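**Q** Each number in the working numbering comes from the position in the sequence shown (counting from 1) with 14 added on. Take this structure, written in structure tokens, and hold onto it; I'll ask about it next.
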Amino acid sequence: MDVYQLSKSAYKLRSGHMLSLPLYQQVQKARSPAQFEDLLKAQADAHGLEWQLIAAVIMTESGFNPQAASDKGAQGLMQLMPDTWMDLGVSDPLDPVQNIAAGTAYLKAQLQRFNTLELALAAYNAGPGSVQRAGGVPPFAETQNFIARVMGFYAQYKTSGL
Numbered sequence: 015m016d017v018y019q020l021s022k023s024a025y026k027l028r029s030g031h032m033l034s035l036p037l038y039q040q041v042q043k044a045r046s047p048a049q050f051e052d053l054l055k056a057q058a059d060a061h062g063l064e065w066q067l068i069a070a071v072i073m074t075e076s077g078f079n080p081q082a083a084s085d086k087g088a089q090g091l092m093q094l095m096p097d098t099w100m101d102l103g104v105s106d107p108l109d110p111v112q113n114i115a116a117g118t119a120y121l122k123a124q125l126q127r128f129n130t131l132e133l134a135l136a137a138y139n140a141g142p143g144s145v146q147r148a149g150g151v152p153p154f155a156e157t158q159n160f161i162a163r164v165m166g167f168y169a170q171y172k173t174s175g176l
């Protein structure tokens, strides 16, 4: 019996399309949240936020991939849109230092504007205009899922760290 016929993706094993374990571990280590811990804590202190919240936004937005880019144009760890990062003086949105600094400042601005974490996260994801027009969290599945995921990671990081 050909064991590779048991799974639709087993052909990847046969044809060598999967990463070797050492290479996989190297890729995972490169995207580890722990490498950004000092930067997260510094930006959290600078903006009066908890570093776990910033980490939760990053995990939700990019999975801690500094090179992440969305089909809508958002870039970097905190998935900043071009207008946002330009307004915040970012010259390289893929630079983790600039991206986290700008993303944290933007998140803080939304918290100050909307006074609740839920609405601030909705504004971060869908834009402040969408929150204002909806009179609360917009009825977008993407935004509602974003809030739930951030809150889940936030609780996880507060409990067990990165």
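Just so you know, even glycine gets a beta-carbon here, dropped at the ideal spot from N, CA and C. From a predicted model like this one, the values you see are computed outputs, not experimental measurements.
Is the CB-CB distance between residue 108 and residue 90 below 7 Å?
**A** As a working note, residue 108 is residue 94 in the sequence shown. As a working note, residue 90 is residue 76 in the sequence shown. Contact flag set, yes.
**Q** Report the rounded CA-to-CA distance for residue 172 versus residue 145, giving the unit in angstroms.
**A** As a position in the sequence shown, residue 172 is number 158, starting the count at 1. As a position in the sequence shown, residue 145 is number 131, starting the count at 1. One C-alpha to the other measures close to 27 Å.
**Q** Quick one: what's residue 89 bridged to in DSSP?
**A** Numbered from its first residue, the sequence shown carries residue 89 at position 75. DSSP lists 83 and 94 as partners of residue 89.
**Q** Checking 7 Å against the spacing of the C-beta atoms, do residue 11 and residue 124 come in under that value?
**A** No answer is possible for residue 11: it lies beyond the span of the chain, which begins at 15 and ends at 176.
**Q** The alpha helix (DSSP H) that contains residue 140, what's its start and end?
**A** As a working note, residue 140 is residue 126 in the sequence shown. Residues 131-140.
**Q** Under 8 Å by Cβ, that's how I've got residue 154 and residue 74 pegged, so tell me the actual separation to the nearest angstrom.
**A** Residue mapping note: residue 154 aligns to position 140 of the sequence shown, counting from 1. Residue mapping note: residue 74 aligns to position 60 of the sequence shown, counting from 1. With 8 Å as the limit, residue 154 and residue 74 do not qualify as a contact, their Cβ atoms being about 15 Å apart.
**Q** Can you tell me whether residue 81 is buried or exposed, with buried defined as 16 or more other CB within 10 angstroms of its CB?
**A** If you number the sequence shown from 1, residue 81 lands on position 67. It is exposed - the Cβ of residue 81 has fewer than 16 other Cβ atoms within 10 Å.
**Q** From residue 128 to residue 62, what does the alpha carbon distance come to, in whole angstroms?
**A** Here residue 128 refers to the residue found at position 114 of the sequence shown. Here residue 62 refers to the residue found at position 48 of the sequence shown. If I take the Cα positions, the gap works out to 16 Å.
**Q** From 110, 98, 70 and 120, pick the residue whose C-alpha is nearest to that of residue 175; which is it?
**A** Taking the sequence shown and counting its residues from 1, the one referred to as residue 175 is at position 161. Ranking the options by Cα distance to residue 175, first place goes to 70.
**Q** Taking the alpha-carbon of residue 54 as reference, which of 97, 150, 118 and 94 has the nearest alpha-carbon?
**A** In the sequence shown, counting from the first residue as 1, residue 54 sits at position 40. Comparing Cα positions, the closest option is 118.
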